[in-house]
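If you count by numbering that gives the first Met the number 0, then the sequence shown holds residues 0 to 149, one letter each, in order.
All C-beta atoms, glycine included, are put in the ideal place defined by N, C-alpha and C.
Step one of this worksheet: look at the structure below.
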Amino acid sequence: MAVTFECTTRTSMPREELFDLARSIDAHKDSMAQSKEEAVAGVMSGLISLGQEVTWRAWHFGVPIRMTSRITEMQAPIYFVDEQVKGPFRRFRHVHEFTEDSDGTVMVDRVEFGAPFGPIGRLAEKLVLARYLHQLIEQRNQHLTAGERA
């Protein structure tokens, strides 16, 4: 059984601009400075695109983590999907969707993940990981939209 959650971010920023920021390796790194996240393999700067991978190294819960993600689906500037191909999760899938409305852009992040370690992992998913990952996505989105146009 997987854990899923959704984050919705509204901004006056144009959809195309937010779409590119959301797939920017540099913007992601800046938004995750607290966890010392660094791209260490694959696409290490600029914009990641369909079929490309990035390997991240970061510190979470005081532990060094490595995770490689691949962009498995993309239709610019409407959506893209990144999925873990190697890393700490049993599985991890993140759908980024972008729609326009009269006030600008709505970005919806849909995250589905599963922790390893059977029943202990499922307990960690519910007690710690879901809330922690939700906060990370919210933090990232606040960073991406902080410089939005007035």
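ask   = When we look at the beta-carbon of R139 and count the other beta-carbons within 10 Å, is it buried (16 or more) or exposed?
value = buried
Exercise for the section: Specify whether the segment 121–134 and the segment 25–43 touch according to this definition: at least 3 beta carbon pairs, one from each stretch, less than 8 Å apart. Expected result: no
- One or two residues paired with L46 in a DSSP bridge: S23
Practice prompt. With distances taken Cα to Cα, identify the nearest neighbour of E16 among L132, T104, G113 and F116.
Written response: T104
Can you give me the Cβ contacts of I47 inside the same chain, cut-off strictly under 7 Å, excluding the 5 residues immediately before and after it? R22, I24, V53 and I70
For this session: Using only alpha-carbon positions, find the residue among A129, I64 and H133 that is nearest to V39.
Result: I64
Element boundaries [alpha helix (DSSP H), containing A119]: Correcting the residue identity first, residue 119 is Ile in this sequence and not Ala. First-last of the alpha helix (DSSP H) with I119: G117 to A123.
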